[in-house]
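All remarks here apply to the structure that follows.
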Amino acid sequence: MGRQKIEIKKIEQIDRLRVAFSKRRAGLIKKASELCILCGVQVGIIVFSPAGKVYSFGHPNVESVIDGYVTGNDVASYIDPFSGSANGMNELEVLMRQLEFEKKREKMLENAKKAGWDQFWYNAPIENLELVQLEQMRVSVEELKMKVVKRSDELSWNFINTEVFDSFVTPATQYSSCIVPS
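Its first residue numbered 59, the sequence shown is counted upward by one per residue in the numbering used here.
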């Protein structure tokens, strides 16, 4: 008997359309994941459902794949699936550094509370601080600045992508096709 040819046409019944999309989306992501593992490639997939929801999959992640495509560069933060490390940096090392930083920050906040400072660390009087405390405050300010810049860039990137994508692509419901079993 063998495989039968499947006619490809748009599914008209909304319930069948949703079921088919859900199953096929999972299959697509599974295949992309297998391709990443078997061939060591970088993959980025963005799928819009018939209801307009956005689903994405990326290896190592969607943002780095898109950045690599847009800039024409290789993905800088590529993670080798067999080594388990990113750019020679062990994940445990990264977590240990974060833990160490948070402990220092906690100590600084405790000292600030003991000194009767305002609830906001940036309102603290710096005249009475020692060098170590000033360094900790400087690191905190720099970290805050990096987070603000990163978030601002993300919002700008999302806005630009939405504007560019919306101007070039028609709504998904007008052009999408799904495979319908006979």
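All C-beta atoms in this analysis are idealised placements derived from N, C-alpha and C, irrespective of residue type, glycine included.
Check whether residue i and residue j have beta carbons under 8 Å apart
| i | j | result |
| --- | --- | --- |
| Ile124 | Phe115 | no |
| Ile66 | Ala78 | no |
| Gln191 | Lys162 | no |
| Ala90 | Val101 | yes |
| Tyr113 | Arg83 | yes |
| Cys97 | His117 | no |
Local Cβ density within 10 Å of residue i, reported as buried at 16 or more and exposed below that
| i | result |
| --- | --- |
| Ala109 | exposed |
| Pro183 | exposed |
| Met204 | exposed |
| Ala166 | Here residue 166 is Met; the residue named in the question, Ala, does not match the sequence. Met166 is buried by the Cβ-count criterion. |
| Leu202 | exposed |
| Leu213 | exposed |
| Ser122 | buried |
| Leu75 | buried |
Test: residue i CB closer than 8 Å to a CB of chain C
| i | result |
| --- | --- |
| Gly116 | Here chain C cannot be found, since the structure has a single protein chain. |
Whole runs of the alpha helix (DSSP H) within the region 63-125, excluding any shorter than 4 residues
Entirely contained in the region 63-125, the alpha helix (DSSP H) runs reaching 4 residues are, in chain order, 72-97.
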